[in-house]
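As structure tokens, the structure follows; a few thoughts come after it.
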Amino acid sequence: MKREEIERLFRQHYARMLRVARTLIDDEQECEDAVGDVFADLLHGTILLTAATETQYLMTAVRNRCLKRLRHAEVVRRMERDTSAGAPDAADEDDDGRLTDITEWVVGRLSADEQRIFSLRFADGCTYAEIASELGLSRVAVWKHLHRIILMLRTQFNSKQV
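Under my numbering, the first residue of the sequence shown carries the number 74, and numbering increases by one thereafter.
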């Protein structure tokens, strides 16, 4: 689509699309991002709309984008919950020994990329979005790597009662 056509669609449909997004998502910034993503897809894509289908397409696209964001937010919450449940308890006397064991395991078993993801998340406290941006990955890819690493850590260290 031409930029002028997309600008016309934006002026004509933005407010309505934002209302649709607000019915699904409570966060105003997330709503604006979802609507913006739809227009960005139009700008960079090969989608051709006719006057008869443009409204229906845009409303459906913003609804789907919002639902995708909600699903992703749920995955992130679940991952953070799983991560916090698997983290060592700071009150234990042998935390240093545990951390040393985990560090040695991480260095010995994970690839350099996985070590970098693990370090950015747990040593530097970076968010999934920050890690994804720095390494040129998607947030979902970061989540998958961390999820796999955490499952491996649990298997390794829960069986040893560390």
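The C-beta atom is built at its ideal place from N, Cα and C for all residues, glycine as well.
TODO: State the Cα-Cα distance for the pair residue 102 and residue 113, rounded to the nearest angstrom.
DONE: 16 Å
TODO: Measure from the alpha carbon of residue 137 to the alpha carbon of each residue in 153, 154 and 96, then state which is nearest.
DONE: 96
Task: Backbone CA spacing between residue 92 and residue 86 [nearest angstrom] - done: 10 Å
- [ ] Quick one: using the 10 Å Cβ neighbour count with 16 as the cut-off for buried, is residue 227 buried or exposed?
- [x] exposed
- [ ] Indicate the three-state DSSP secondary structure (helix, strand or coil) for residue 98 in the structure shown.
- [x] coil
Open item on the list: I need the straight-line Cα distance from residue 190 to residue 147, nearest angstrom please.
Closed with: 21 Å
Open item on the list: Give me, in chain order, the residues of the same chain whose beta-carbon lies closer than 7 Å to that of residue 215; leave out the 5 immediate sequence neighbours on both sides.
Closed with: 190, 201, 204 and 205
- [ ] Compare the C-beta of residue 121 with all C-beta atoms of chain C and state if any pair is closer than 8 Å.
- [x] In the structure shown, chain C does not exist; there is a single protein chain.
- [ ] For residue 108, count neighbouring Cβ atoms within 10 angstroms of its own Cβ and tell me buried if that reaches 16, exposed if not.
- [x] buried
Task: Candidates 94, 99 and 116, of which the one nearest residue 75 by Cα - done: 116
Open item on the list: I'd like the list of long-range same chain contacts for residue 150, defined as Cβ closer than 7 Å, with 5 residues on each side in sequence excluded.
Closed with: none
Task: Top-ranked residue by Cα proximity to residue 218, from 176, 152, 143 and 230 - done: 152
- [ ] My understanding is that residue 98 touches residue 139, with C-beta atoms under 8 Å, so please give their C-beta distance in whole angstroms.
- [x] 5 Å
Task: Boundaries (first-last residue) of the alpha helix (DSSP H) holding residue 192 - done: Counting along the chain, residue 192 falls outside any alpha helix (DSSP H), and DSSP gives it neither H nor E.
Open item on the list: The alpha helix (DSSP H) that contains residue 208, what's its start and end?
Closed with: 201-208
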